[in-house]
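Trainee:
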Amino acid sequence: MVNLVIFGAPGSGKGTYASRLKTKLNVEVIATGDIFREIIKEDTPLAKTIKSYVEKGLLVPDEITLEILKQNLAKIPKDKGFLLDGYPRTVEQAKALNEIAKIDAIIHLVVPEWIIIERLSSRRICKNCGAIYNILFLKPKNDMICDNCGGPLYQREDDTPEVIRRRIEVYEKQTQPVLQYYKEKGVPFVEAKCEKLETPPEEIVDQILMGLKNLKLI
Ligand code: ADP
Ligand code: ZN
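Here the sequence shown stands for residues -3 to 214, where the numbers follow the numbering used here.
1. Which of the three DSSP states is assigned to D143 in this structure?
2. Excluding the five sequence neighbours on either side, which residues of its own chain have a C-beta within less than 6 Å of the C-beta of I112, listed in chain order?
3. So, V23 versus L80, is the Cβ gap smaller than 7 Å?
4. To the nearest angstrom, how far is the alpha carbon of R120 from that of I131?
5. So if DSSP puts C122 in a beta bridge, which residue, or which two residues, is it bridged to?
6. State yes or no: is the C-beta of A127 nearer than 6 Å to some heavy atom of the ligand ZN?
7. Inspect the beta-carbon positions of I64 and I46 and report whether they are closer than 7 Å.
8. What is the DSSP secondary structure of I275, counted as helix, strand or coil?
9. Taking the Cβ atom as the reference point for each residue, do V1 and I128 lie within a distance shorter than 7 Å?
10. Whether or not the region 132 to 145 and the region 44 to 59 are in contact is what I'm after, with contact meaning three or more pairs of Cβ atoms, one per stretch, closer than 8 Å; do they touch?
11. Could you tell me if the beta carbon of N68 falls within a distance shorter than 6 Å of some heavy atom in the ligand ZN?
12. How would you label A70, buried or exposed, when you count the other beta carbons within 10 angstroms and need 16 or more for buried?
13. Would the region 91 to 111 and the region 183 to 195 be scored as touching if the rule is three or more Cβ pairs under 8 Å?
14. Taking 7 Å as the cut-off, decide whether the C-beta atoms of A43 and L62 are in contact.
15. Just to confirm my understanding: we take V174, look at its own chain, exclude 5 residues before and 5 after, and list those with CB closer than 8 Å. What are they?
Here is the structure:
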């Protein structure tokens, strides 16, 4: 059983790799961004509050995020580990997580900013199952239709240039310090570098699996 955090800038591919690692590592993936997008579809005061942050590229307040994290952690079977995608994004969130779970390693995705911007503006997502595509490099077999489930693909509302810039800014300011927090705590890191736009996800996933093996975590 292994508990992991996948960490990287918006567009570094966290969601893409997390969905592939899920089966290989037999872990539950908790992706706070996906959970928020589900909640936003509802017509509730909570949905409105969350939407007002997400659509601007800002972080949802820590109290809301932590509560949602706890609810989702509680659903995981006792003998199963987890992979967090999109949490923690602030040092406060990392400290709160530290009170409720032990993290075995941080998977750190290192991706240059130009790749991030290219990727996010060409990213498309399945409305039905959440599978992630890229109209330039990770194309679906049929135009705008999901390979997995046949659902329609769409572009996320926060994948627009202005909001992408804001998300990167927030990442630099609020999320980067989380790395320092884990380094100081001595939590091991697995680094995966992506230097080309067309690097296939499998290559990165293999780098990650190798790093976890070296740490004797799998
Ligand atoms: P990306 O990493 O590509 O920006 P996500 O799907 O992880 O996308 O997150 C989308 C948005 O959801 C973020 O911009 C933010 O508004 C909100 N969000 C996700 N996770 C968190 C979190 N841990 N704390 C606060 N806000 C979050
Ligand atoms: Zn689908």
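Even for Gly, the Cβ is constructed at its ideal location relative to N, Cα and C.
Mentor: So, to answer that:
1. One-based indexing of the sequence shown puts residue 143 at position 147. Three-state DSSP puts D143 in coil, outside helix and strand.
2. What you label residue 112 is simply residue 116 of the sequence shown in a count that begins at 1. Sequence-distant Cβ neighbours of I112 in its own chain, meaning closer than 6 Å and more than five residues away, are A5, G7.
3. Taking the sequence shown and counting its residues from 1, one reaches residue 23 at position 27. Taking the sequence shown and counting its residues from 1, one reaches residue 80 at position 84. No, the Cβ-Cβ distance between V23 and L80 is not below 7 Å.
4. Taking the first residue of the sequence shown as 1, we reach residue 120 at position 124. Taking the first residue of the sequence shown as 1, we reach residue 131 at position 135. Going from the Cα of R120 to the Cα of I131 covers about 7 Å.
5. Start at 1 with the first residue of the sequence shown, and residue 122 comes out as number 126. Paired residue(s): L149.
6. Within the sequence shown, numbered from 1, the residue matching residue 127 stands at position 131. Yes, since a heavy atom of the ligand ZN falls inside the 6 Å radius drawn around the Cβ of A127.
7. On the sequence shown, residue 64 is found 68 positions in, with the first residue counted as 1. On the sequence shown, residue 46 is found 50 positions in, with the first residue counted as 1. Contact flag unset, no.
8. Residue 275 is absent from the model: the chain starts at -3 and stops at 214.
9. Start at 1 with the first residue of the sequence shown, and residue 1 comes out as number 5. Start at 1 with the first residue of the sequence shown, and residue 128 comes out as number 132. For V1 and I128, no; Cβs fall outside 7 Å.
10. Contact annotation: the region 44 to 59 does not touch the region 132 to 145, with fewer than three C-beta pairs closer than 8 Å.
11. Against the sequence shown, residue 68 aligns to sequence position 72. It does not: the Cβ of N68 is nowhere closer than 6 Å to a heavy atom of the ligand ZN.
12. To locate residue 70, count along the sequence shown from 1; it is residue 74. By the 10 Å Cβ count, A70 comes out exposed.
13. Contact between the region 91 to 111 and the region 183 to 195 is established, with three or more Cβ pairs separated by less than 8 Å.
14. Counting from one through the sequence shown, the residue named residue 43 turns up at place 47. Counting from one through the sequence shown, the residue named residue 62 turns up at place 66. With contacts defined by Cβ atoms closer than 7 Å, A43 and L62 do not form a contacting pair.
15. For this step, residue 174 is matched to residue 178 along the sequence shown. The beta carbon of V174 lies closer than 8 Å to those of F3, P84, R85, T86, V87, Q89, A90 in the same chain, with the five residues before and after it left out.
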